[in-house]
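A.B. asks: First the structure, which I've put down as structure tokens, then a few questions once you've had a look.
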Amino acid sequence: MIFEYDDLKKEIIDSSSKFAQEKLKPLRSLYDEKEDFPKELLKDFSEMGFFGISIPEKYGGLNGGITGLCLAIEEMSKIDAGLSLPVATSALGAIPIMLYADEKQRDKWLSKVACGEKLAAFALSEPEAGSDATAQKTTAVKNGDYYILNGVKHFCSSGDISDLYVVFASTNPSRGARGISAFVVEKGTEGFKIGKKEKKLGIKANATNELYFENCKVPSENILFSEGFGLFVLQETFDYSRPGVAAQAIGIAEGALAETIPYLKSRKQFGQSVSSFQAIGHILAELASKTEAAKALVYSLSSAMDKEFLSAFEAACKNGTVLREELKKISKKRWTKHSAMAKYLASETAFEVAQKCVNLCGGIGYMRDFPVEKFMRDAKVTEIYEGTNHIQKNEIAAQLIKEY
Ligand SMILES: Cc1cc2nc3c(=O)[nH]c(=O)nc-3n(C[C@H](O)[C@H](O)[C@H](O)COP(=O)(O)OP(=O)(O)OC[C@H]3O[C@@H](n4cnc5c(N)ncnc54)[C@H](O)[C@@H]3O)c2cc1C
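Structure, rendered in structure tokens:
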């Protein structure tokens, strides 16, 4: 794809690509096997400025928008989507803060997230609230200057290494979806514990944890926007974060092809390179074309988003207002449909590409010494998290039906 990027974006592409080659590649197989994360990498991510890519300069970030974030995630996922996941998950936790925090809250948290002093995370899913995120069982009851949270979250990515958790809880169960609110809960808060780490198929270097809230005392000032706005917070967060999952998926697809094609060129059967068989070449052509199409969708979407996102953020910083309010002044439209399309298309492409690359490589493709099977395992989660692809299609269809 030929996209004309500014100097900042070019720098993000170059630095994250080099970082992935030099720092992530040597650790890839080891930490996938160990199902562990080398915490030293957090310092490296911080020094590279990766945690602040989409955060404005006022808070020490790079102001690279959603596009800058997607580019870094894509480049690093070409090598390892698991090791690089904290960059994506901290952005996922930072997006609701960027969108819905007031100036005081932004001042308190964003500069810490941007420099990597505190990692953000997103805690929505519960054992009984998955695709139906409105079925929240976690409750938050106001008590003086605090909310008292009780409940269990599960499947929280980077759960063990994060510091600021955007937690959704019902402040008014009788109002159902309209009774949900979003809070920032800091690690170390009384009554908040990190729980069980899941054993997974892919992205094994990243911990996925349960979180427990037992009479957890969260200061009232930590609520995002106000009571009952949680549903908007979560929906709009996904509008802006799903392109990141799509970029991760594209990186995985590109990474799988980058390992597969040189192998097919070097592998000889029947006296010739396997890549010279037309049947093989056609499959490669199909996979590369689909990847390119998904990439075009993701970056045309993120570029369109950034036009609004960056100018609205500038206004929010200047006026001391909430970003979401400034975005609404620019446009009433939401990105839900295209964001869901991007994630759906890119994630299905990634799994198809990685899975077919395993087949194309033959026996070696199945072996853990060769990275292609890892790309296939890592690709699967992009079809599931931040809403399964059934849910993406529901959202796309609902919008289409409204439009026509
Ligand atoms: C590795 C990993 C990391 C994750 N990280 C996070 C995180 O950081 N924070 C967080 O909050 N969550 C996280 N999640 C949770 C993730 O977002 C959910 O797993 C996902 O939204 C699906 O919910 P569920 O697992 O409860 O599936 P369910 O909702 O139980 O779905 C089961 C099946 O039913 C289908 N289905 C459900 N409803 C419908 C419908 N209306 N129409 C059609 N089909 C439907 C689903 O598509 C799926 O196939 C993570 C998950 C994984 C696997």
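Heads up: the sequence shown runs through residues 19 to 422, numbered per our numbering.
Backbone N, C-alpha and C fix where the C-beta goes; we use that ideal spot for every residue, glycine too.
Of all the alpha helix (DSSP H) runs that stay within the bounds of the stretch 48-78, which reach a length of 4 or more residues?
C.D. replies: You should have 58-66.
A.B. asks: Per DSSP, which residues does Q290 bridge with? Please list them.
C.D. replies: Taking the sequence shown and counting its residues from 1, the one referred to as residue 290 is at position 272. DSSP, once it has assigned bridges, lists Q287 as partnering Q290.
A.B. asks: Is any heavy atom in ligand 1 found nearer than 6 Å to the beta carbon of T226?
C.D. replies: Locating residue 226 in the sequence shown gives position 208, where the first residue counts as 1. Flag set: Cβ of T226 near ligand 1.
A.B. asks: Which residues in the same chain as Y362 place their Cβ atom closer than 6 Å to its Cβ, once the five residues preceding and following it in sequence are excluded?
C.D. replies: As a working note, residue 362 is residue 344 in the sequence shown. Same-chain partners within the cutoff: N407 and Q410.
A.B. asks: Identify the residues that DSSP records as bridge partners of P231: which are they?
C.D. replies: For the purposes of this step, residue 231 is identified with residue 213 of the sequence shown, where counting begins at 1. Inspection of the sequence shows that residue 231 is occupied by Phe rather than by Pro. In DSSP, F231 forms a bridge with G169 and F210.
A.B. asks: Taking the alpha-carbon of S320 as reference, which of D50, L87 and G67 has the nearest alpha-carbon?
C.D. replies: Mapped onto the sequence shown, residue 320 falls at position 302. Closest option to S320, Cα to Cα, is L87.
A.B. asks: The alpha helix (DSSP H) spanning Y118 covers which residue range?
C.D. replies: In the sequence shown, the residue the question calls residue 118 occupies position 100. It spans L103 to Y118 - the alpha helix (DSSP H) in which Y118 sits, taken as one unbroken run.
A.B. asks: Does the beta carbon of V263 sit closer than 7 Å to a beta carbon anywhere in chain B?
C.D. replies: Note that chain B does not occur in the displayed structure, where there is just one protein chain.
A.B. asks: For the beta strand (DSSP E) that contains V184, what are its first and last residues?
C.D. replies: The sequence position of residue 184 within the sequence shown is 166, counting from 1. Where V184 is concerned, the enclosing beta strand (DSSP E) stretches over L182 to S188.
A.B. asks: Sorry if obvious, but does the Cβ on K258 come closer than 6 Å to a heavy atom of ligand 1?
C.D. replies: If you number the sequence shown from 1, residue 258 lands on position 240. It is worth fixing the name first, because residue 258 is Tyr in this sequence and not Lys. Checking the Cβ of Y258 against ligand 1 gives no.
A.B. asks: Measure the C-alpha to C-alpha separation of A187 and A200 and round it to an integer number of angstroms.
C.D. replies: Taking the first residue of the sequence shown as 1, we reach residue 187 at position 169. Taking the first residue of the sequence shown as 1, we reach residue 200 at position 182. If I take the Cα positions, the gap works out to 6 Å.
A.B. asks: Tell me whether Q287 is buried or exposed, calling it buried when 16 or more other Cβ atoms sit within 10 Å of its Cβ.
C.D. replies: Your numbering for residue 287 matches position 269 in the sequence shown. Per the 10 Å Cβ criterion, exposed.
A.B. asks: For F393, which residues of its own chain have a beta-carbon under 6 Å away from its beta-carbon, when the five flanking residues on both sides are left out?
C.D. replies: If you number the sequence shown from 1, residue 393 lands on position 375. Here the set comprises I270, G273, A274 and A372.
A.B. asks: Please check the pair G82 and I30, which I expect to be a contact at CB under 8 Å, by giving their CB distance rounded to whole angstroms.
C.D. replies: In the sequence shown, residue 82 corresponds to position 64, counting from 1. In the sequence shown, residue 30 corresponds to position 12, counting from 1. Going by Cβ atoms, the distance from G82 to I30 rounds to 6 Å, so yes, they are a contact pair.
A.B. asks: Could you tell me whether any non-hydrogen atom of ligand 1 is closer than 6 Å to the CB of S320?
C.D. replies: Against the sequence shown, residue 320 aligns to sequence position 302. No, the beta carbon of S320 sits no closer than 6 Å to any heavy atom of ligand 1.
A.B. asks: By DSSP, does Y317 sit in helix, in strand, or in coil?
C.D. replies: Residue mapping note: residue 317 aligns to position 299 of the sequence shown, counting from 1. Helix at Y317.
A.B. asks: Measuring only from the beta carbon, is T255 closer than 6 Å to any heavy atom that is part of ligand 3?
C.D. replies: For the structure depicted, ligand 3 is absent and the ligand set comprises only ligand 1.
A.B. asks: Does K136 pass the burial test, meaning 16 or more other C-beta atoms within 10 Å, or should it be called exposed?
C.D. replies: Here residue 136 corresponds to residue number 118 of the sequence shown, with the count starting at 1. Buried, because 16 or more other Cβ atoms sit within 10 Å of the Cβ of K136.
A.B. asks: Should T255 and S176 be called a contact, given that it needs their Cβ atoms to be closer than 7 Å?
C.D. replies: Residue 255 sits at position 237 when you count from the first residue of the sequence shown. Residue 176 sits at position 158 when you count from the first residue of the sequence shown. Not in contact: T255 and S176 (Cβ atoms no closer than 7 Å).
A.B. asks: So I198 is in the beta strand (DSSP E); what residue range does that whole segment cover?
C.D. replies: Translated into positions along the sequence shown, residue 198 becomes position 180. I198 to E204 is the extent of the beta strand (DSSP E) around I198.
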